[in-house]
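From first to last, the protein sequence lines stand for chains Z and F.
Note that our numbering has the first sequence beginning at 1, numbered continuously upward.
Note that our numbering has the second sequence beginning at 1, numbered continuously upward.
Notes for the one structure printed next.
2 protein chains.
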Amino acid sequence: MANETTKANETDITGGWLDVSAPLHNGMAHWPDNQAFERTHTLAIDRGDAANVSAITTSVHNGTHMDAPAHFIPGGNGIETLPLTATMGPARVLEIHDPESVKPDELKPYNIQRGERILLKTRNSPRCWETDEFVKDFVYISHEAAHYLAEVGIQTVGIDYLSVGGYFKDGAETHHALLGAGIWIIEGLNLTQVQAGTYELLCLPLKIIGSDGAPARALLRKIE
Amino acid sequence: MANETTKANETDITGGWLDVSAPLHNGMAHWPDNQAFERTHTLAIDRGDAANVSAITTSVHNGTHMDAPAHFIPGGNGIETLPLTATMGPARVLEIHDPESVKPDELKPYNIQRGERILLKTRNSPRCWETDEFVKDFVYISHEAAHYLAEVGIQTVGIDYLSVGGYFKDGAETHHALLGAGIWIIEGLNLTQVQAGTYELLCLPLKIIGSDGAPARALLRKIE
C-alpha cells in the first residue's frame, strides 16, 4: 500500500496545476525599448570551477511578470506592496475573440463583478509565444475596456502577452486606467493549454523592493 | 452584508500566508564570487519617459532561490525540471540549535521520513538577514547531515541563508550529497517569523530554462 501511494504521488508531479509561465531563455521576445533577458555563466564546471553559477540580466517586464502602480504612476507603490490575495484565489479565464483588442462590448455579457480576478485568453496565446520575435500586433486591452474594468472594480487582470496596453495605441492610457484604479496587472501569461472557465490562480512575483514590476511564476488549477 | 464581506476580505491581504522571501534590493548581501543584485531604471518618468521600467542584474543564487542539479552536477537538470509538488505541499520547519552547522545527531530525533519537505530554521534567520554584509559563519548543513538526509530520501530541503553548504567547509560536499540524491534545495529563506511546526509550503522559482538555479518567492501557512 505504501508503494502504491508513493507511485500515485510520483505520477502527478504538477499537483493538478497548469504552469502558465513563459519559459525564460536567451533570445526570447521583449518589448523593444526594454532590456532583453540574458543568462550568462559567472562560474562554470567546464571551465574548471567547482560549480555552475548563472547570472541573469532582464527587464522586470519580460516573460510572465506583474506590473506595480509605480510602472506608470509617479510615486506609485512598488511590487513588494502586492497583497498576496490579489493573485492567490479564484480567477475567471475569459476567451476573447476580437483579433485586435479587448473591448467593453465583448466583456459586458460576462457580468464581471467587483473584486474578481479576470484573465483574458486571446489569440495571443497560440500565436505570440511560438516565436522569439516581438509580436507588435498582439491583442491588448483597449482603453475603453480598461475604464470599464476600473469602473466594475476588479481586483486583478491578466493578459496573454507582454502588455495590457497596445504597441501602436492605448499603451499609457490602458495602464493608467487600470493601475490608477488599484487593479493589479499580470502580463505575459501563456494560456494556450487553458480553456475558459473558473480556476484557482497562483501568481507569485519576485519581491523586488520599490520596483515597477517583477518577473513571476504563475499557475492555474481548474475549480470543478 | 456585502460590505461586511468586502471588509473581511480586505483585512486579510495575506490569505493566512507568511512571506518567507528575502526582499531583493540594491546592496543586499551576496555570495562573494556571485553577481550582486542590482536594479536600474531603463526608463524613468522623472527623466521624461512615459513609464518607469526597471532592469535587474543578479546571480540566480541571490536572496530566496532554488538550486537545480545543474548547479553542481555536470549535465544535471536545470531548474525548469522542478516538479511543482516538490515545493508545494506540507513541510516541517525544524528548529536547529547548533550555532555552527546542522549535524545528524540533531536531526535524528525528528524521525524524518522519506519524501518529506524539511525546512531548517537556524540562528541565521534572526542574525544574517539584519545586515547587508555577507555573513561568512552562517549555519550550514554539514556533509554528514546532507548524507543522512540523502539516505532518508527527503524530497526537498530549505535553509535560512544563502547556501546549504558552508563558506569555509562542506560547500561542494553538501551540495553534491543533496543534489546527487535528487533532493531539491531552497536557500535564502527568512524564517524569523516562523516557529517550528508543520506548514503548507509554496515556493515558486522563475522558470529559467537550463539554469543552475532561480530566484523564488516562498510562502508558508500553518497547518493546524
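All C-beta atoms in this analysis are idealised placements derived from N, C-alpha and C, irrespective of residue type, glycine included.
This structure is a prediction, so every number in the text was calculated from the model and none was measured.
Candidates the options, of which the one nearest residue i by Cα
i	options	result
Ser59 (chain F)	Z:His65, Z:Leu149 and Z:Ser54	Z:Ser54
Asp212 (chain F)	F:Gly165, F:Glu151 and F:His71	F:His71
Val20 (chain Z)	Z:Phe138, Z:Tyr110, Z:Gly210 and Z:Gln195	Z:Gln195
Val135 (chain F)	F:His147, F:Gln193 and F:Phe168	F:Phe168
Asn190 (chain F)	F:Gly210, F:Phe138 and F:Lys121	F:Lys121
Ile13 (chain F)	Z:Pro99, Z:Thr85, Z:Glu200 and Z:Ile118	Z:Thr85
Thr156 (chain Z)	Z:Asp98, Z:Met88, Z:Trp17 and Z:Ala50	Z:Met88
Pro99 (chain Z)	Z:Gly75, Z:Asp137, Z:Pro109 and Z:Asn77	Z:Asp137
Leu206 (chain Z)	Z:Ala181, Z:Ala145 and Z:Gly78	Z:Gly78
Lys108 (chain Z)	Z:Leu149, Z:Ala50, Z:Leu204 and Z:Arg217	Z:Leu149
Gly76 (chain Z)	F:Gly166, F:Ala44, F:Ala146 and F:Glu130	F:Ala44
Asn111 (chain Z)	Z:Ala50, Z:Val152, Z:Ala181 and Z:Ala51	Z:Val152
Residue j beta carbon less than 8 Å from that of residue i
i	j	result
Leu162 (chain Z)	Gly188 (chain Z)	yes
Met28 (chain F)	Asp132 (chain F)	yes
Ile141 (chain Z)	Ile183 (chain Z)	no
Glu106 (chain F)	Ile96 (chain F)	yes
Arg117 (chain F)	Val139 (chain F)	no
Leu24 (chain F)	Ile185 (chain Z)	no
Pro69 (chain F)	Leu179 (chain F)	yes
Pro104 (chain F)	Ala50 (chain F)	no
Neighbourhood of residue i by C-beta distance below 7 Å, restricted to the same chain and skipping five residues each side
i	result
His143 (chain Z)	Asp170, Glu173, Thr174 and Ala177
Thr198 (chain F)	Pro90, Arg92 and Ile223
Ser125 (chain F)	Asp160, Asn190, Leu191 and Thr192
Asn26 (chain F)	Phe37, Glu38 and Arg39
His30 (chain Z)	Ala36, Phe37, Ser59, Asn62 and Phe134
Own chain residues within Cβ distance below 6 Å of residue i, not counting five before or after
i	result
Thr57 (chain F)	Glu38
Asp46 (chain Z)	none
Asn34 (chain Z)	Ser59 and His61
Thr42 (chain F)	Val53 and Ala55
Ile73 (chain Z)	Leu179
Ala181 (chain F)	Ala150
Whole-angstrom distance between residue j and residue i, CA atom to CA atom
i	j	result
Pro83 (chain F)	Leu202 (chain F)	12 Å
Ile159 (chain F)	Cys128 (chain Z)	39 Å
Gly15 (chain F)	Gly48 (chain Z)	46 Å
Val164 (chain Z)	Arg221 (chain Z)	23 Å
Arg114 (chain F)	Ala22 (chain Z)	32 Å
Leu119 (chain F)	Arg217 (chain F)	15 Å
Trp17 (chain F)	Leu94 (chain F)	18 Å
Glu200 (chain Z)	Glu200 (chain F)	16 Å
Leu204 (chain F)	Leu204 (chain Z)	7 Å
Glu130 (chain Z)	His147 (chain Z)	31 Å
Short CB-CB distance (under 8 Å) between residue i and chain Z
i	result
Phe138 (chain F)	no
His147 (chain F)	no
Phe72 (chain F)	yes
Asn111 (chain F)	no
Leu178 (chain F)	no
Asn34 (chain F)	yes
Ala55 (chain F)	yes
Trp129 (chain F)	no
Ile209 (chain F)	yes
His97 (chain F)	no
Gly15 (chain F)	yes
Asp212 (chain F)	yes
Leu191 (chain F)	no
Arg217 (chain F)	yes
Any C-beta of chain F under 8 Å from that of residue i
i	result
Met88 (chain Z)	yes
Ser21 (chain Z)	yes
Ala29 (chain Z)	no
Ala51 (chain Z)	yes
His61 (chain Z)	yes
Own chain residues within Cβ distance below 8 Å of residue i, not counting five before or after
i	result
Gly63 (chain Z)	Ser21, Ala22, Pro23, Leu24, Met28, Phe37, Gly188 and Pro215
Ser101 (chain Z)	Val139, Tyr140, Ile141, Ser142, Ala145, Gly166 and Asp170
Any non-hydrogen atom of the ligand HEM within 7 Å of residue i CB
i	result
Gly75 (chain F)	Questions concerning the ligand HEM fall outside what the structure shown contains, since it holds no ligand whatsoever.
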